[in-house]
Structure formats: structure tokens, C-alpha cells
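Report on one structure; see the data block that follows.
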Amino acid sequence: MSYDEKKSITQHLEELSRRLYRIVIAILIVSIILFMPLNFFHSSSFNPKINSQNPIEYIVEMFTYYLNVLSGEGYDSLTTRFIKFTRDYVLPNESIIIAGGSVTTFLVILKTTFILAIMIVSPYIVYEIMAFIWPALYPHEKKIAKKYLLLATLYIVLGLTVGYFIVAKTVMRVGFFWARSVGAEFYINFQNFIDEVLNSMLGSMLVFLIPFFMIIATELDYLNPYTGFMSNRKLVYVIIWIVLVFFLPDMTAILLFIIFIAVFEPSYLYMKHIARRKNLVS
Numbered sequence: 482m483s484y485d486e487k488k489s490i491t492q493h494l495e496e497l498s499r500r501l502y503r504i505v506i507a508i509l510i511v512s513i514i515l516f517m518p519l520n521f522f523h524s525s526s527f528n529p530k531i532n533s534q535n536p537i538e539y540i541v542e543m544f545t546y547y548l549n550v551l552s553g554e555g556y557d558s559l560t561t562r563f564i565k566f567t568r569d570y571v572l573p574n575e576s577i578i579i580a581g582g583s584v585t586t587f588l589v590i591l592k593t594t595f596i597l598a599i600m601i602v603s604p605y606i607v608y609e610i611m612a613f614i615w616p617a618l619y620p621h622e623k624k625i626a627k628k629y630l631l632l633a634t635l636y637i638v639l640g641l642t643v644g645y646f647i648v649a650k651t652v653m654r655v656g657f658f659w660a661r662s663v664g665a666e667f668y669i670n671f672q673n674f675i676d677e678v679l680n681s682m683l684g685s686m687l688v689f690l691i692p693f694f695m696i697i698a699t700e701l702d703y704l705n706p707y708t709g710f711m712s713n714r715k716l717v718y719v720i721i722w723i724v725l726v727f728f729l730p731d732m733t734a735i736l737l738f739i740i741f742i743a744v745f746e747p748s749y750l751y752m753k754h755i756a757r758r759k760n761l762v763s
């Protein structure tokens with residue numbers, strides 16, 4: 482291997498590290514914004530109860546107040562507001578969420594913050610990935626990337642939206658209605674509740690993206706809907722069903738499978754259109 486080739490590889494690795502660094506920084510910035518207490522810097526939220534003008538007592542009370550805020554007392558952030566809105570939207574009023582411990586609750590809030598940050602930054606992540614691989618693409622591949630970049634963003638947004646507003650709510654309410662049908666109270670662990678919502682969103686996004694990647698593979702001549710396993714839609718459905726049940730062995734798998742069918746059918750027709758345009762019909 483020549484020196485120029487070694488230098489080229491080094492440059493690629495440096496470029497990759499820079500873009501990964503930018504992605505990590507973007508996720509951290511959004512995470513801080515989501516996690517930062519909204520009332521932490523509000524002067525109106527600190528009302529000293531000590532009537533003395535002793536500055537030491539005032540400083541002690543102010544320090545105690547901010548320490549309590551950092552410890553969770555009166556904590557209000559964009560993440561907790563998302564969780565509260567989700568609770569009110571997804572769960573019926575009669576439902577009861579069990580915290581399961583202070584440490585567990587704190588870790589769940591942190592995890593929710595991090596995952597929400599990744600979701601928000603996902604368009605920027607796609608941009609950085611495309612910017613990194615762009616010089617290595619052939620002209621026709623660049624044309625395809627430009628053509629479907631906006632569609633990829635649309636699929637991601639639709640997947641997250643459907644997962645949040647349809648899948649998560651339906652799964653939770655089905656559990657609630659079955660519990661009430663036998664006269665049982667519906668209690669749900671806080672961590673399980675958040676996991677169910679986030680899994681519904683991420684699972685729905687992946688279900689939307691699978692047909693999208695199939696379209697891209699057809700454009701690049703890697704898949705042909707008229708040949709191989711793609712010519713048998715039933716086989717595709719069986720594979721997707723097995724994967725969904727393996728990772729999500731509950732009501733979520735059924736809903737995501739129905740959504741996959743709804744997304745895959747028009748995508749499959751479009752794949753056939755691409756194959757005919759490229760004269761790939763056997």
C-alpha cells in the first residue's frame with residue numbers, strides 16, 4: 482500500500498470522526514435543552530420565606546432551593562412535559578402509573594431525553610451520513626440520493642407520528658379495556674409505560690423505512706420485485722411477521738404488521754414501476 486493510499490484512509494477516518502463528533506455534540510445540546518429545568522433560572526420561582534435581612538440566611542435558603550430543584554423537587558422540563566402529555570393522551574384517566582423507585586424514574590427520564598434528542602436530530606444525522614459518503618457515490622447514485630432524500634425524511638416523520646398517536650395509544654388502551662372487563666384496576670410501571678411508547682415510535686419508524694430501503698435497493702438494481710423472494714409478497718410478510726413477533730411479542734407486533742402492509746403495498750407497486758422503467762421485467 483502506497484503512502485498516498487495510507488494518507489487517503491487516514492483522511493477518511495479523520496473526516497468520519499469529525500462528523501461523528503458533530504452528531505454527538507448535536508445530540509448533547511438537544512439533550513441538555515430537553516433536560517434542563519424550565520424553572521431553574523426563573524427568579525420568580527424562588528420566593529424566600531425568611532423575613533430576616535441576614536444575607537447568610539438568604540444565601541443558605543437560595544442554595545437549598547436550587548439543590549432541591551436539582552434533586553427533583555418541582556422539576557419541570559421539556560422531557561417531563563412530553564411524558565405528562567403522553568400520559569394524558571395515551572392512558573385513560575382511570576389508569577395509575579407506578580414510579581418504581583426514585584432512581585428508576587430518574588434513569589427513565591434520562592433515557593427518554595436521550596432518545597427524544599436522537600429523534601429530533603435524526604434529519605441532521607442523515608445529512609452528516611450523506612455528506613460523508615457523497616464523494617464516493619457514482620453520478621447515478623447521487624441522482625437517486627437527491628431524489629429520495631426528502632422522501633426519507635417524510636417516512637421517518639410519518640413513522641414516528643403513527644407510532645406515537647396510533648400504535649402506543651391503541652396498545653395501552655387495549656390493555657386497559659381488558660383489565661376493566663374483569664373488574665381489575667389498570668396499574669402500569671413507569672418504565673414499562675415509557676418503553677412501550679418509545680418502542681411503538683421506533684418500531685413504527687422502522688416499519689416505514691423497510692419499504693423505503695426496498696425502493697432504494699430497486700433503484701440501485703439490488704432488488705427486483707419480479708424475481709427472487711421479492712416476487713412472492715407472502716414470503717416477505719412471513720419474514721416481517723417473524724421478526725416483529727420475535728422482538729415485540731405483544732399487541733404491538735400485530736399493529737406494526739398491519740401498518741407494514743399498508744406501507745408496503747403501495748411501495749411494492751412503485752417498485753414494480755421502477756423495474757418496468759429500468760426494463761428489469763423478466
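Basically my numbering = 1-based index in the sequence shown + 481. Note that the Cβ used here is the ideal one computed from N, Cα and C, for glycine as well.
A Cβ-Cβ distance of about 6 Å is found for the pair Ala756 and Asn705, placing them in contact under the 8 Å criterion. In this structure Ala580 touches Phe671 by the C-beta definition: roughly 5 Å separates them, less than 8 Å.
The three-state reading of DSSP puts Asn670 in strand, counting E and B together. Short of 7 Å from the beta carbon of Thr586, and not among the five residues preceding or following it, lie these beta carbons of its own chain, in chain order: Ala580, Phe671. Excluding the 5 residues flanking it on each side, Thr733 has same chain C-beta neighbours closer than 7 Å at Val648, Val652, Asn680, Ser681, Gly684, in chain order. For Ile647, there is no enclosing alpha helix (DSSP H), since its DSSP letter is neither H nor E. Within the same chain, Cβ atoms closer than 8 Å to the Cβ of Phe595 are found at Ile508, Ser512, the five residues on either side in sequence being excluded.
Of Tyr751, Gly656, Asp676, Ile739, the smallest CA-CA separation from Thr699 is found for Tyr751.
Around the beta-carbon of Phe710, fewer than 16 other beta-carbon atoms lie within 10 Å, marking it exposed. Around the beta carbon of Gly664, fewer than 16 other beta carbons lie within 10 angstroms, which makes this residue exposed.
Membership of Val663 in any alpha helix (DSSP H) is not indicated, and neither H nor E is assigned to it by DSSP.
Judged by DSSP secondary structure, Thr560 falls within the alpha helix (DSSP H) whose first and last residues are 559-571.
Rounded to whole angstroms, Asn673 and Leu729 show a C-alpha spacing of 13 Å. Here Met517 is exposed. Its C-beta has fewer than 16 other C-beta atoms within 10 Å. In this structure, the straight-line span from the alpha carbon of Ile723 to that of Arg503 is close to 37 Å. Per DSSP, the continuous alpha helix (DSSP H) segment holding Thr733 begins and ends at 732-758.
In this structure, the CA atom of Leu497 is about 7 Å from the CA atom of Phe613.
Taking 8 Å as the cut-off, the Cβ atoms of Phe693 and Leu639 do not count as close. Taking Glu746 as the centre and dropping the five residues before and after it, the same chain places no C-beta closer than 7 Å to its C-beta. Leaving aside the five residues that flank Tyr636 on each side, the residues in its chain whose CB is nearer than 7 Å to its CB run, in chain order, Phe689, Leu690, Phe693.
When the beta-carbon positions are compared, Ile590 and Thr561 come within less than 8 Å of each other.
By the beta-carbon neighbour count (other beta carbons within 10 angstroms, threshold 16), Leu515 is buried.
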